[in-house]
């Protein structure tokens, strides 16, 4: 650590660590070596590169160009490294400001934020906006992650979205609260879960549940689920980490599929996906009865195989997010469903 600090001011330094270990013959061994600034910069090259990448990503997410930045502030002791200063200067095409001590800047920012939280005085001549570092949302049917509050949204904030049941006569929904950027729920971090029970027995998609996320000025996240029809509600307050093992999280996500919710979507693509999932569920529910009736003939077995192909193709299109192809495939799913219902109806 001492050598790293010294190399910010000199081009080489000596690392001298006496008595660091004993040999097999009980002789004391020492470390004495010259470390150069070039060697340190070579060892930390990937970290310096990552610093520039984060700056670039932050500007992109903020919708800003480099020439719109008034000052560049360096934070932390390692920003004293000449390599960091060169990289930042080269990226922003300007020298970082020297007016703020790199070891004190975080404390200064925290003080400003604390003052803003306890005092709304108009005399304050600055605005400090806090943002949520990750996207927040819930798991929906199919194991997907549905976003409610986007990454880098300023807080305090709140957002409500409607969802529906996915099974006939579903009387409960399990809400898994997640944070992360992956489309798949299992790749994100689980923050908590709760169950809303007492839903009216109805066909899939008929009961609506409003899910609301709220983040207050202290960064505390509250999640509410409300049955729109009855007003019945459940909620949870979550922290930044669940403290669960990966196996426990996987088990919870598997269990939650039984009580999943689906997005009540306005977009055509999401609507097509929901429709396809409903048709597939109905077809698969009818498969055993249809097979029992038609499996005795070659024509019947061929029809069953074609039906399976229709379902598999629809699943493949959903995995690829091919909205146009899925809308066409829905017609084939609907024909298959009608055929299956016709077969079952004749035997009833």
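In the working numbering, the protein residues as written are 362 to 709. Ideal Cβ placement from N, Cα and C applies to all residues, glycine included.
**Prompt:** How should residue 479 be labelled, buried or exposed, when 16 other C-beta atoms within 10 angstroms of its C-beta is the threshold for buried?
**Reply:** exposed
**Message:** Looking at the secondary structure, which residues open and close the alpha helix (DSSP H) in which residue 419 lies?
**Reply:** 406–423
**Backbone CA spacing between residue 409 and residue 444 [nearest angstrom]** = Those two C-alpha atoms are separated by around 7 Å.
**Request:** Using three-state DSSP, classify residue 401 as helix, strand or coil.
**Result:** helix
**Asked** residue 516 to residue 667, Cα distance in whole Å?
**Response** 52 Å
**Request:** Give me whichever residues DSSP pairs with residue 593 in a beta bridge.
**Result:** According to DSSP, which records beta bridges pairwise, residue 593 is partnered with nothing at all.
**Request:** Kindly examine the ligand PLP and report whether one of its heavy atoms sits closer than 6 Å to the Cβ of residue 653.
**Result:** Absent from the structure shown: the ligand PLP. Ligands present: none.
**Asked** Could you give the residue range of the alpha helix (DSSP H) that holds residue 364?
**Response** Start and end: 363–367.
**Request:** Give the range of the alpha helix (DSSP H) segment to which residue 446 is assigned.
**Result:** 443–453
**Asked** Apart from the five residues on each side of it in sequence, which residues of its chain come closer than 7 Å, Cβ to Cβ, to residue 466?
**Response** 434 and 436
**Simplified DSSP assignment, three categories, for residue 431** = coil
**Prompt:** With residue 566 and residue 525 assumed to form a contact (beta carbons below 8 Å), what rounded beta-carbon distance in angstroms separates them?
**Reply:** 5 Å
**Message:** Report the CB separation of residue 496 from residue 511 in whole angstroms; it is logged as a contact under 8 Å.
**Reply:** 6 Å
**Asked** Based on Cα-Cα distance, which residue from 538, 393 and 449 lies nearest to residue 411?
**Response** Check the Cα spacing between residue 411 and each of 538, 393 and 449: the tightest is with 449.
**Asked** Using the C-alpha atoms, what's the distance from residue 672 back to residue 633?
**Response** Take the alpha-carbon of residue 633 and the one of residue 672: they are about 14 Å apart.
**Prompt:** Along the chain, where does the alpha helix (DSSP H) that runs through residue 679 open and close?
**Reply:** 659–680
**Message:** What would DSSP say about residue 548, mapped onto helix, strand or coil?
**Reply:** helix
**Message:** Give me, in chain order, the residues of the same chain whose beta-carbon lies closer than 8 Å to that of residue 542; leave out the 5 immediate sequence neighbours on both sides.
**Reply:** 495, 496, 512 and 549
**Message:** Once DSSP output is grouped into helix, strand and coil, what is the label at residue 647?
**Reply:** Residue 647: helix per DSSP, three-state reduction.
**Message:** Taking the straight line between their C-alpha atoms, what separation do you get for residue 490 and residue 584?
**Reply:** 22 Å
**Request:** Rounded to whole angstroms, what's the CA-CA distance from residue 380 to residue 474? Just pull it up for me.
**Result:** 47 Å
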